[in-house]
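One structure is given here, and the rest of the page talks about it.
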Amino acid sequence: MTIATFADLMQEARKQPKPQRLLFVFVRAELPDFPDADQRRCFEQGEGGVLVPVVCVDKSTEELTSMAALVEESRRTEIEWDLVFTAAMDDPKDDAEVERQLQRMMESLQMGNITAYLAFDHHGNAVNVA
Numbered sequence: 335m336t337i338a339t340f341a342d343l344m345q346e347a348r349k350q351p352k353p354q355r356l357l358f359v360f361v362r363a364e365l366p367d368f369p370d371a372d373q374r375r376c377f378e379q380g381e382g383g384v385l386v387p388v389v390c391v392d393k394s395t396e397e398l399t400s401m402a403a404l405v406e407e408s409r410r411t412e413i414e415w416d417l418v419f420t421a422a423m424d425d426p427k428d429d430a431e432v433e434r435q436l437q438r439m440m441e442s443l444q445m446g447n448i449t450a451y452l453a454f455d456h457h458g459n460a461v462n463v464a
């Protein structure tokens, strides 16, 4: 199945034989250090930039009902974000393992390795950032 929306992701996660943990890393687009004129112009037009992780969280499929609920929860942090990258894993019932996976995901995103994750906008639409 192609995942085009956050609802699709939730549906697929709930179909899995083992309970799933969903990992979320929220990112904000920023200008790179020492941008040239072209990079600055593109960024001002809403294109380009570098993705900087600003907050991460994990949720079980029982804890999360919709993208709207996730967005509302993120608003309470008062941290602005542009996209959320998502991964799923079998729930290890071990918070330390979940934290290790979140840390690994954040490090991967910081290095620009984004292809292993799904990205969604504030409306829950999948975004191709490659």
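Per this note's numbering, the very first residue in the sequence shown carries number 335; after that it's consecutive.
We put the beta carbon where it would ideally sit given N, CA and C, even for glycine.
Can you list, in chain order, the residues of its chain with a C-beta nearer than 7 angstroms to that of D428? Leave out the 5 residues immediately preceding and following it. none
Looking at L385 and M439, is the spacing between their C-beta atoms short of 8 angstroms? no
Answer yes if the region 362–375 comes into contact with the region 341–353, meaning at least three C-beta pairs across the two stretches below 8 angstroms, and no otherwise. no
Drop a sphere of 10 angstroms on the beta-carbon of R355, count the other beta-carbons inside from all chains shown, and report buried for 16 or more, exposed for fewer. buried
Can you tell me whether R362 is helix, strand or coil according to DSSP? strand
According to DSSP, what are the bridge partners of S394? R355
Separation of R362 from E414, as counted between CA atoms: 7 angstroms
Measuring alpha carbon to alpha carbon, tell me which of A347, L365, G383, V359 ends up nearest L436. V359
For L404 and V463, which I take to be in contact (beta-carbon distance under 8 angstroms), what is that distance rounded to the nearest angstrom? About 18 angstroms; that fails the 8 angstroms criterion.
By Cβ distance below 8 angstroms, which residues in the same chain neighbour H457 in space, the five residues on each side in sequence not counted? M401
Throw me the rounded Cβ distance for the F460 and A338 pair, which I believe falls under 8 angstroms. Checking the sequence, you will find Ala at residue 460 rather than Phe. That pair is a contact at about 5 angstroms.
Between R410, A341, P366, Q379, which lies nearest to G446 when the distance is taken from Cα to Cα? P366
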